[in-house]
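Sequence positions in the sequence shown follow numbering that gives the first Met the number 0 and run 0 to 170. To start, the structure under review is shown below, and the notes come after it.
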Amino acid sequence: MDPLKDHTIQFSGLKDGAHEFQFELGDDFFAAAGEEEFEGGRVNVLVNLHKSATMLVTNIHVEGPVSVRCDHCNAPMDLVVKGDQRQIFQLHGDPSEDDDELVTLEPAAHSINLTHYIYECLRLSLPARKVHPAGQCDPEVEKALGDLAVEHEPVPDPRWDALKQLKTKRP
Ligand SMILES: [Zn+2]
Numbered sequence: 000m001d002p003l004k005d006h007t008i009q010f011s012g013l014k015d016g017a018h019e020f021q022f023e024l025g026d027d028f029f030a031a032a033g034e035e036e037f038e039g040g041r042v043n044v045l046v047n048l049h050k051s052a053t054m055l056v057t058n059i060h061v062e063g064p065v066s067v068r069c070d071h072c073n074a075p076m077d078l079v080v081k082g083d084q085r086q087i088f089q090l091h092g093d094p095s096e097d098d099d100e101l102v103t104l105e106p107a108a109h110s111i112n113l114t115h116y117i118y119e120c121l122r123l124s125l126p127a128r129k130v131h132p133a134g135q136c137d138p139e140v141e142k143a144l145g146d147l148a149v150e151h152e153p154v155p156d157p158r159w160d161a162l163k164q165l166k167t168k169r170p
């Protein structure tokens with residue numbers, strides 16, 4: 000997705016050592032993402048950045064409820080996601096050594112934008128299969144499928160309790 004300016008960190012003015020940044024992903028982020036995977040959400044992002052003379056090591060942590068489509072009935076459902084991802088930005092390196100985790104910055108760069116990495120972290124924190132708890136799928140679809148032996152999570156997911164608590168707190 001396109002970079003959002005809120006997620007730009009001017010590292011040139013930072014001292015060597017540890018720094019912490021916090022962001023909240025809300026409607027702006029999910030609208031800008033324009034991807035099918037998320038309909039919305041309210042996710043807290045915590046970035047720990049360690050700066051040294053040669054690199055910036057960032058640890059991105061995402062946590063919060065997101066709205067997605069159920070893989071079974073395609074109706075909206077809420078999920079609480081939680082995930083971590085490390086990303087390293089090399090200041091004076093060889094771009095040919097870059098991989099998923101390591102990115103070499105332009106020699107003249109003095110800022111990094113984390114929107115893409117935050118989005119990836121969020122995407123990777125989704126479960127492989129997203130399905131409503133048993134009995135909560137869209138009844139119209141259930142009927143149309145005419146399949147009583149549908150696959151559901153066999154045990155209640157503890158994250159649903161956490162989500163219910165979050166929901167009652169929301170205005
Ligand atoms: Zn469903």
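Every residue gets a Cβ at the ideal spot worked out from N, C-alpha and C, and that includes glycine.
- Assigned with DSSP and collapsed to three states, LYS14 falls in coil, not helix or strand.
- LEU13 is positioned such that its CB atom lies no closer than 8 Å to that of VAL44.
- Shown here for GLU19: same chain residues with a beta carbon closer than 8 Å to its own, the five before and five after excluded, namely LEU45, VAL46, ASN47, LEU48 in chain order.
- In the structure shown, LYS4 adopts helical secondary structure according to DSSP, grouped into three states.
- Counting only residues whose CB is nearer than 7 Å to a non-hydrogen atom of ligand 1, the list in chain order is CYS69, HIS71, CYS72, ALA74, MET76, VAL130, HIS131, GLN135, CYS136, ASP137.
- Per DSSP, PRO138 is one residue of the alpha helix (DSSP H) stretching across 138-144.
- For ARG85, the enclosing beta strand (DSSP E) covers residues 75-89.
- At a Cβ-Cβ threshold of 8 Å, GLY82 and LEU123 count as neighbours.
- Rounded to the nearest whole angstrom, the C-alpha separation of ASP70 and HIS91 is 44 Å.
- Per DSSP, reduced to three states, the secondary structure at LEU113 is coil, with no helix or strand assignment.
- In the three-state scheme derived from DSSP, where H, G and I count as helix and E and B as strand, GLN164 is classed as helix.
- The region 2-13 makes contact with the region 48-68, as at least three CB pairs between them are under 8 Å.
- Rounded to whole angstroms, the gap between the alpha carbons of SER66 and GLU119 is 16 Å.
- ILE117 and ARG85 have their alpha carbons spaced roughly 10 Å apart.
- Assignment of LEU104 by DSSP, reduced to helix, strand and coil, places it in the coil class.
- Separation of HIS115 and PRO75 (C-alpha to C-alpha, rounded to the nearest whole angstrom) is 24 Å.
- In this structure, VAL80 lies near LEU121, with their beta-carbon atoms less than 8 Å apart.
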